[in-house]
Each structure stands twice: as structure tokens, then as C-alpha cells.
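Per the numbering used here, the sequence shown starts with residue 100, numbered consecutively. No residue lacks a Cβ here, since even glycine has one placed at the ideal position from N, Cα and C.
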Amino acid sequence: ATIKQGEKALKPFLKNASCAIPLMQVLRGGSDDAVRHQAALLLRKKMEKFYPKYNAQQQATLRTELVGFLLSEQTPVIATAIAGMIAATASAIYKNKGQWPEVFQLLLQLVQDPNEKHRILTFKLLSEVSCSVTSQFQAYSPCL
């Protein structure tokens, strides 16, 4: 009952693109991993829709913060959720004919990282990004 009540209270908040700012703050500074994970999951669901609504400076800041979050995250489940956020952001960028070459630089950096967790994350991120980007092209190529 408490969860349903909380979800009902969040609904109007999550309809506005400005919800990303407080959710990013929770992700950045929250002490409870379950709350941070939930913030990342909520952002992932909304990122593809909201990203195009931000101005160029906000988009650049968001991309930079997402990469920073991914590189510094110590909790694997949250890092995976952040990888999903990056994939949703990449999907929004490519859907709107934009580019994000840094995401591929990030993949190259992570795959060569001595930290095993980062190398594992590379494959999660690659999988998420490729699924997001490939789904956009299925309408153009029936063989995908």
C-alpha cells in the first residue's frame, strides 16, 4: 500500500522534464542504494522522451554527468541502471539525428580499464546502447 501511494504521488512529478534535476541529485548524493537505484530506473524510463526537451547546454551537462556517474559508481546494480540511462540518452540523440561520439570513447576506455568491474560494465553498456540504437533502424531494415 505504501509503494502504491508513493507511485501515485510521483506520477505528476514524473510527467515534467524538470524532474530529471532532482532525480540526478538523488543519484549523485543519496546514501540509500535502493533510492539511488530507483532514481536511475525512473530516469532511464524518462530520458528518451525528455532529453530532446532540454537546451544544448543542459544536454551537454547531462551527457557529461552520466559518464561521470558510470565511471564512479561502486554499486553494480546502480551502474547497470546508469548504463541503461546512457543507452536511453544515446537512443534519443540518434533518433533526433544527433551524435554522441563520447559514448564510443567511453566504451573503448572501459574495455581497456584494469578494473574488472569496468570491463564487465563495458559489455552491459554496449548491449544496452546497441539494443537502443538498433531498434530505431528496424523500421528501415527488416533484417535487423
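Using the C-alpha atoms, what's the distance from Q211 back to I120?
-> 32 Å
Select from S190, Q208, L220, R218 the residue whose C-alpha is nearest the C-alpha of D143.
-> Per the sequence shown, residue 143 should be read as Arg rather than Asp. The option with the nearest alpha carbon to R143 is S190.
Would you tell me roughly how many angstroms separate the C-alpha atoms of E147 and E201, rounded to the nearest one?
-> 18 Å
Leaving out five residues before and five after L113 in sequence, what residues of the same chain have Cβ atoms less than 7 Å from its Cβ?
-> L141, K145
Uninterrupted alpha helix (DSSP H) stretches inside the region 138-206 (no shorter than 4 residues) = 155-171, 175-194
Counting Cβ pairs closer than 8 Å, one from the region 153-163 and one from the region 125-133, do we hit at least three?
-> Contact fails: fewer than three Cβ-Cβ distances are below 8 Å.
Which one of P151, L109, H217 has the shortest CA to CA distance from K194?
-> P151
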